[in-house]
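Everything on this sheet refers to the single structure shown next.
Residue numbers (the working numbering): -3 to 163.
Here you go:
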């Protein structure tokens, strides 16, 4: 049973970032596979596989690869799209075939729900883009802290990618 079904409250991660790029470009970086491959994953990770069916009910399947060659697969379902300002997707660990697997498959500690939720909001502000990011469903604050570090590194890579593409 998921923590919320057991009466325990799942933890959430909130991050706000400003990107020196127009909202449409940041939106494309979140929704176009070839762009996602350039920045997704913490430092030392690559993104060899990204498949997106960009419609409500569509799937997002991806694979992050660590520097030592370990693959971490994920799968999600798009719940909401408001181009170019809002994207809501489920987030689950998966195997290479796209079947949801427990977080423990990848050595993640804690009592994880099989499905988390990611909400991305993008606000245009004088030619820049404010990202308001929320990732819901973590089992505990230790995992939130780990995710905060990983997402922070990913958003640093996104900043670098957007700057490089602008030049």
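Positions of the beta carbon are idealized from the N, C-alpha and C atoms, including for glycine.
| query | result |
| --- | --- |
| Quick one: what's residue 119 bridged to in DSSP? | 126 |
| Name the two residues that bound the continuous beta strand (DSSP E) containing residue 47. | 42 to 48 |
| Would you tell me roughly how many angstroms separate the C-alpha atoms of residue 143 and residue 109, rounded to the nearest one? | 15 Å |
| Taking the C-alpha atoms as reference points, what is the distance between residue 122 and residue 97? | 42 Å |
| Would you check if the distance between the CB atom of residue 139 and the CB atom of residue 106 is smaller than 8 Å? | yes |
| Is it buried or exposed, residue 1, if we count other Cβ atoms within 10 angstroms and call 16 or more buried? | Note that residue 1 scores 46 on pLDDT, short of 50, meaning its location in the model is unreliable and no value can be drawn from it. |
| Mind reading off the beta-carbon distance from residue 149 to residue 19? Whole number of angstroms is fine, and I expect it under 8 Å. | 23 Å between Cβ atoms; not a contact. |
| DSSP state of residue 22, grouped into three classes? | helix |
| What is the DSSP secondary structure of residue 67, counted as helix, strand or coil? | strand |
| Counting along the chain, where does the beta strand (DSSP E) carrying residue 87 start and finish? | 82 to 90 |
| Return the residue from the list 112, 157, 32 and 154 that minimises the CA-CA distance to residue 90. | 112 |
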